[in-house]
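Undergrad: Got a structure for you, written out below as structure tokens; questions coming shortly.
Protein chains in written order, with this note's numbering: chain P, 4 to 117; chain L, 614 to 728.
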């Protein structure tokens, strides 16, 4: 049972455009939703994260939108740059329950073309 | 952010030998660390949860006698792949939550190739 569904699997965006990646979850106990960026041959790096008490969080060009009732959250990358080309993973966990175990989506390979 | 290191970054070993991978939290203590494996173009698959001072918890389908985990201190966890076979070739990544923060940080990964 896949608890976090991520789409699209791949995404091609023109430089300067907006990249949007979506995730949906099933477990209502999840209360922490991070996004990770991974370059080939490297470990994932924490990009931005949100908790369900807010509907949006913005850090620079990266924004998470969160819809608790729909159990969905998305990552928006504004003014996408070629350097943003990487694989992005959404994840969810319930650290409030004492477990930091992350459940990952399957990933989205983003390609930003000049 | 907190820093997690792994050693080695790459290792090639012969079939039947054992390989040890170290995961260290450099600027924080971690009572819990996680070990993942990642196949090309796939997501991270949790293998086990490493607990300082107690036995590791393995995910279903992961052989605990093959993937030995030891959480020797609050900053070090090791994964030993015993009697490695070519199908064990993969990218192994560890992570740790930084203290009471919800944030979890990943190591740079170890590429294991078994010939």
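Where is the CB? At the ideal position from N, CA and C, for every residue including glycine.
1) How many Å lie between residue 685 (chain L) and residue 665 (chain L) at the Cα?
2) Would you identify the three-state DSSP class for residue 716 (chain L), choosing helix, strand or coil?
3) Enumerate, from N- to C-terminal direction, the unbroken beta strand (DSSP E) stretches of 3 or more residues contained entirely within the stretch 48-87 of chain P.
4) Using 9 Å as the limit for Cβ to Cβ distance, is residue 682 (chain L) near chain P?
5) Could you give the distance in angstroms between the alpha-carbon of residue 32 (chain P) and the alpha-carbon of residue 628 (chain L)?
6) Below 8 Å CB to CB, which residues in the same chain sit around residue 114 (chain P) once its five sequence neighbours on both sides are set aside?
7) Should the stretch 34-53 of chain P be called in touch with the stretch 96-106 of chain P, which here means at least 3 C-beta pairs below 8 Å?
8) Check each candidate in P:61, P:83, P:94 and name the one with the smallest Cα separation from residue 9 (chain P).
9) For residue 647 (chain L), count neighbouring C-beta atoms within 10 Å of its own C-beta (all shown protein chains included) and say buried if the count is 16 or more, exposed if not.
10) From the beta carbon of residue 14 (chain P), is the nearest beta carbon of chain L less than 9 Å away?
11) Mind checking whether residue 26 (chain P) and residue 77 (chain P) have CB atoms under 9 Å apart?
12) Between the stretch 618-626 of chain L and the stretch 669-687 of chain L, do three or more beta carbon pairs fall short of 8 Å?
13) So with Cβ pairs under 9 Å, would you call residue 657 (chain L) a contact of chain P?
14) Strictly under 9 Å for the Cβ-Cβ distance: is residue 63 (chain P) near chain L by that measure?
15) Along chain L, in chain order, which residues have C-beta atoms closer than 8 Å to that of residue 101 (chain P)?
16) Does residue 37 (chain P) come out as helix, strand or coil in the three-state DSSP assignment?
17) In the DSSP assignment, the beta strand (DSSP E) including residue 575 (chain L) goes from what residue to what residue?
18) If you run the structure through DSSP and keep just helix, strand and coil, what is residue 699 (chain L)?
19) Hey, is the stretch 630-648 of chain L in contact with the stretch 686-700 of chain L, meaning 3+ C-beta pairs nearer than 8 Å?
20) Please name the residue or residues paired with residue 710 (chain L) in a DSSP beta bridge.
21) Listed in chain order, which residues of the stretch 42-63 of chain P have Cβ atoms closer than 9 Å to some Cβ of chain L?
22) For residue 112 (chain P), I'd like the list of residues in its chain whose CB is within less than 6 Å of its CB, leaving aside the five on either flank, ordered along the chain.
TA: The structure says:
1) In the second chain, the residue the question calls residue 685 (chain L) occupies position 72. In the second chain, the residue the question calls residue 665 (chain L) occupies position 52. In a straight line, the C-alpha of residue 685 (chain L) is about 7 Å away from that of residue 665 (chain L).
2) As a first step, residue 716 (chain L) must be located in the second chain, where it is residue number 103. Here residue 716 (chain L) sits in coil by DSSP.
3) 48-53, 59-62, 65-70, 75-80
4) Looking up residue 682 (chain L) in the second chain gives position 69. No, its Cβ sits nowhere closer than 9 Å to a Cβ of chain P.
5) Mapped onto the first chain, residue 32 (chain P) falls at position 29. Mapped onto the second chain, residue 628 (chain L) falls at position 15. Between residue 32 (chain P) and residue 628 (chain L), the C-alpha separation is close to 42 Å.
6) Your numbering for residue 114 (chain P) matches position 111 in the first chain. Within the same chain, residue 114 (chain P) has close Cβ partners 13, 14, 15, 16, 88.
7) yes
8) Reading the first chain from its first residue, position 6 is the one you call residue 9 (chain P). The shortest Cα separation from residue 9 (chain P) among P:61, P:83, P:94 belongs to P:94.
9) Position 34 of the second chain, counted from the start, is the residue given in the question as residue 647 (chain L). Buried, by the Cβ-count rule.
10) In the first chain, residue 14 (chain P) corresponds to position 11, counting from 1. Closer than 9 Å: no.
11) By 1-based counting over the first chain, the position of residue 26 (chain P) is 23. By 1-based counting over the first chain, the position of residue 77 (chain P) is 74. It is a contact, given that the beta carbons lie within the stated cut-off.
12) no
13) The residue you call residue 657 (chain L) lines up with position 44 of the second chain. Closer than 9 Å to some Cβ of chain P, the Cβ of residue 657 (chain L) qualifies, so yes.
14) Here residue 63 (chain P) corresponds to residue number 60 of the first chain, with the count starting at 1. With 9 Å as the cut-off, residue 63 (chain P) does not count as an interface residue toward chain L.
15) For the purposes of this step, residue 101 (chain P) is taken as residue 98 along the first chain, with counting starting at 1. Near residue 101 (chain P) there are no residues of chain L at all, since even the closest Cβ is about 10 Å away, more than 8 Å.
16) Locating residue 37 (chain P) in the first chain gives position 34, where the first residue counts as 1. The answer is strand: DSSP assigns residue 37 (chain P) an E or B state.
17) With chain L covering 614 to 728 only, the question about residue 575 (chain L) has no answer from this structure.
18) Walking along the second chain from the start, residue 699 (chain L) turns up at place 86. Looking at residue 699 (chain L) - three-state DSSP - the assignment turns out to be helix.
19) yes
20) Residue mapping note: residue 710 (chain L) aligns to position 97 of the second chain, counting from 1. Paired residue(s): L:717.
21) 44, 45, 46, 47, 48, 49, 52, 54
22) Position 109 of the first chain, counted from the first residue, corresponds to residue 112 (chain P). So the qualifying residues of the chain are 13, 90.
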